[in-house]
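Some notes on the structure that comes next.
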Amino acid sequence: MQVKTLNPLSKQALEEIGLEWHTDPDNTDYISTDLITINQAQADAYYGACNELYDMCVETAQMVIDQERFFELDIPNSIVPMIKQSWENDIHWHIYGRFDLAGGLEGQPIKLLEFNADTPTMLYESALVQWALLKHNGFNAELQFNNIFEALGENFKRLVTLQEDTSAFSQEYEGWKILFSCVQGSSEEERTTRFLQECAKSAGFNTQFGYIDKVEFNAETGVFYEGVNYEFLFKLIPWENIAIDEPELALLMQGMMENENTIFLNPAYTLIFQSKRFLKLLWERYPNHPLLLETSYEPLRNKKQVRKVAFGREGANTQILNPDLSVVYETKGIYGNHKPIYQEFAPLNKVGEFYYQPNVFYAYEACGLGFRKGGLVMDNFSKFVSHIIQ
Numbered sequence: 011m012q013v014k015t016l017n018p019l020s021k022q023a024l025e026e027i028g029l030e031w032h033t034d035p036d037n038t039d040y041i042s043t044d045l046i047t048i049n050q051a052q053a054d055a056y057y058g059a060c061n062e063l064y065d066m067c068v069e070t071a072q073m074v075i076d077q078e079r080f081f082e083l084d085i086p087n088s089i090v091p092m093i094k095q096s097w098e099n100d101i102h103w104h105i106y107g108r109f110d111l112a113g114g115l116e117g118q119p120i121k122l123l124e125f126n127a128d129t130p131t132m133l134y135e136s137a138l139v140q141w142a143l144l145k146h147n148g149f150n151a152e153l154q155f156n157n158i159f160e161a162l163g164e165n166f167k168r169l170v171t172l173q174e175d176t177s178a179f180s181q182e183y184e185g186w187k188i189l190f191s192c193v194q195g196s197s198e199e200e201r202t203t204r205f206l207q208e209c210a211k212s213a214g215f216n217t218q219f220g221y222i223d224k225v226e227f228n229a230e231t232g233v234f235y236e237g238v239n240y241e242f243l244f245k246l247i248p249w250e251n252i253a254i255d256e257p258e259l260a261l262l263m264q265g266m267m268e269n270e271n272t273i274f275l276n277p278a279y280t281l282i283f284q285s286k287r288f289l290k291l292l293w294e295r296y297p298n299h300p301l302l303l304e305t306s307y308e309p310l311r312n313k314k315q316v317r318k319v320a321f322g323r324e325g326a327n328t329q330i331l332n333p334d335l336s337v338v339y340e341t342k343g344i345y346g347n348h349k350p351i352y353q354e355f356a357p358l359n360k361v362g363e364f365y366y367q368p369n370v371f372y373a374y375e376a377c378g379l380g381f382r383k384g385g386l387v388m389d390n391f392s393k394f395v396s397h398i399i400q
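Quick note: the sequence shown uses the numbering used here, first residue 11, plus one each step.
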């Protein structure tokens, strides 16, 4: 695994291209000057693996729904009707997700760590910032596994065509509008949301952006922002947060779906994929599959393993355990009330003292690669790392 050093973009240059969260709370740069070199075969392997993993996720989610196994996944009851309805109707289209992986370099096998299917960030950095960094350093910016912008645009069109072929979009599109929304106060979440808006706009959709606290929800008439009704609402707010923290809103949204006046993006069924306890059901459905790690609701016997919780974020509430279950490393967090999962330990690619985790975005197909650099567990202080295919 070869790591080169880039000349950084200045903070001013990063802000000019829309990346304001360039400095971490400890005053270090979020955008790493590392550049990971991969070859075309490795890029193709990441692409193929994530396409296969998505198909496996769909098959396993069908099993969850057929067997009513939502409780196992720590999914709140209030979301289950919306999960079922969104799953049964193609119009509730999955726009994008992010696979977090181990391996793929230095001869290490690719392994799924988890699937961030509902509200993944790191999107803007992967789609645009690493492209700008290559260009800034005199490299051919096309030499990446990165067609995120184009893939997202095509996938937004599928909200209308509902099939792989999007050529009929302009004939079938009747002006339906998408409102893109997030909470106010997070530049990362807002830029991610506005980037998705730009993808939809470039595809030909009428779009608008509005902060979520200004959006009006009405079970009978749908979503409104500044007096205008929108057929689609993209919300960069996790479904489990809506269910747990905003039960009245969850009930309203259920009514809107039942009355078929609003389509929410990403769909409610992405919460099945998002639950880390889903990894156990993947292993159950595809035991010993080469892309999967052994995963259980109970501690594994005689294996180094990772204890995670169903809905933790940014590496919080994670423990790395020895085969005797003694703790190698752990992180604290606010997600300790969620049910645990135990996953076989998979070593990340390592250079020097740092670990590098590949992350692949998915929008109907795998469409872009970015890396995170950090310690044993990727957390809020992990750095974003670019790549090049050579």
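Backbone N, C-alpha and C fix where the C-beta goes; we use that ideal spot for every residue, glycine too.
Problem set entry | 6 Å CB neighbourhood of valine 193 in its chain, flanking five on each side removed | Ile222
Exercise. Per DSSP, what kind of secondary structure is isoleucine 252 in: helix, strand or coil?
Worked result: Of the three classes helix, strand and coil, the one that applies to isoleucine 252 here is helix, per DSSP.
Exercise. Roughly how many whole angstroms lie between the Cα atoms of asparagine 157 and serine 336?
Worked result: One C-alpha to the other measures close to 43 Å.
Exercise. Nearest CA to the CA of glutamate 152: which residue from Val225, Phe274, Trp141?
Worked result: Nearest of Val225, Phe274, Trp141 to glutamate 152, Cα basis: Trp141.
Problem set entry | Local conformation of asparagine 246 per DSSP, three classes | Note that residue 246 corresponds to leucine in the displayed sequence, not to asparagine. In the three-state scheme derived from DSSP, where H, G and I count as helix and E and B as strand, leucine 246 is classed as coil.
Exercise. How big is the Cα-Cα spacing for tyrosine 345 and arginine 204?
Worked result: 28 Å
Problem set entry | Residue span of the alpha helix (DSSP H) that contains glutamate 354, given as start and end | Per DSSP, glutamate 354 belongs to no alpha helix (DSSP H); it is in the beta strand (DSSP E), 350-354.
For this session: Determine the closest residue to tyrosine 40 out of Glu354, Leu259, Phe381, Leu386, with distance taken between C-alpha atoms.
Result: Phe381
For this session: Go through the stretch 296-359 residue by residue and report every complete run of the beta strand (DSSP E) that reaches 3 residues or more, in order.
Result: Considered as a whole, the stretch 296-359 harbours 315-319, 329-331, 337-340, 350-354 as its complete beta strand (DSSP E) runs of no fewer than 3 residues, in chain order.
Exercise. Is it true that the stretch 170-187 meets the stretch 116-125, where meeting means three or more beta-carbon pairs spaced less than 8 Å apart?
Worked result: Segments in contact, no.
Exercise. Can you list, in chain order, the stretches of the alpha helix (DSSP H) that have 4 or more residues and sit fully within the stretch 33-101?
Worked result: 50-76, 90-98
For this session: Reducing DSSP to helix, strand and coil, say where histidine 104 ends up.
Result: coil
Exercise. Roughly how many angstroms separate the alpha carbons of glycine 185 and leucine 275, rounded to a whole number?
Worked result: 17 Å
Exercise. Quick one, which of Lys318, Tyr134, Cys209, Phe288 has its alpha-carbon nearest phenylalanine 81's?
Worked result: Phe288
Problem set entry | Delimiting residues of the beta strand (DSSP E) encompassing isoleucine 273 | 273-275
Problem set entry | Span separating the alpha-carbon of aspartate 128 from that of serine 212 | 22 Å
For this session: For my contact list, serine 136 and glycine 378 are in at a C-beta cut-off of 8 Å; report their separation, rounded to the angstrom.
Result: Sure, about 5 Å apart at Cβ, within 8 Å.
Problem set entry | leucine 331 beta carbon less than 8 Å from that of glutamine 315 | yes
For this session: Identify the continuous alpha helix (DSSP H) that holds phenylalanine 205 and give its terminal residues.
Result: 197-213
Exercise. Near phenylalanine 179, what residues of its chain come up, given a Cβ to Cβ distance below 7 Å and the 5 sequence neighbours on each side ignored?
Worked result: Lys167, Val170, Thr171, Gly214
For this session: Tell me, please, which residues DSSP counts as bridged to phenylalanine 227.
Result: Val233
Problem set entry | Beta-carbon proximity of proline 86 to glutamate 250, cut-off 8 Å | yes
Problem set entry | Candidates Leu261, Lys318, Thr33, Phe155, of which the one nearest tyrosine 339 by Cα | Each of Leu261, Lys318, Thr33, Phe155 was checked against the Cα of tyrosine 339, and the nearest Cα belongs to Lys318.
Exercise. Taking DSSP as the reference, what is the three-state secondary structure of asparagine 157?
Worked result: coil
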